[in-house]
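Numbering (this note's numbering), first residue to last: 545 to 674.
Shown next as structure tokens:
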């Protein structure tokens, strides 16, 4: 069950891509525009399931949390964690970049519950002010 505010925003940025369909393709997360090099932080403490490159997503970090939640952070420039590493809530895990299939620097952020993509906005509280 989604609880708003359960997860922290991974960065302060401009929300420009929402969960749902993007043309004919499903869009399994949200897109946050931010300058290249902006720190990307974990939404909640957990364990890094994967940190590396994945086709389309570029440099990604996937973190497993409690309550069957997984978060995914894509299109990063630099990764600051490794697979298997424990991470704290709001720990810097990467920096915003343009890796993978993208049209500019941004973070693609996904939340999965029981392995299924869900709308991250259902889990995030109000966007932090700058």
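Think of the CB as a built atom: it goes at the ideal place given N, C-alpha and C, for glycine as much as any other residue.
With burial defined as no fewer than 16 other Cβ atoms inside 10 Å of the residue's Cβ, what is the status of residue i: buried or exposed?
i           : result
residue 554 : buried
residue 648 : exposed
residue 603 : buried
residue 675 : Here the chain has residues from 545 to 674 only, and residue 675 is not among them.
residue 575 : buried
residue 557 : buried
residue 610 : exposed
residue 639 : buried
Please state if the CB of residue j and the CB of residue i are separated by a distance shorter than 7 Å.
i           : j           : result
residue 633 : residue 600 : no
residue 578 : residue 560 : no
residue 626 : residue 595 : yes
residue 551 : residue 667 : yes
When the Cα of residue i is compared with those of the options, which residue comes out closest?
i           : options            : result
residue 581 : 598, 595, 621, 549 : 621
residue 564 : 662, 657, 630      : 662
residue 659 : 628, 624, 583, 608 : 608
- prompt: Can you find at least 3 beta carbon pairs, one from the segment 573 to 587 and one from the segment 613 to 623, that sit closer than 8 Å?
  reply: yes
message: Restricting to runs no shorter than 3 residues, where is the beta strand (DSSP E) found entirely within the segment 602 to 652?
response: 602 to 608, 613 to 623, 636 to 640
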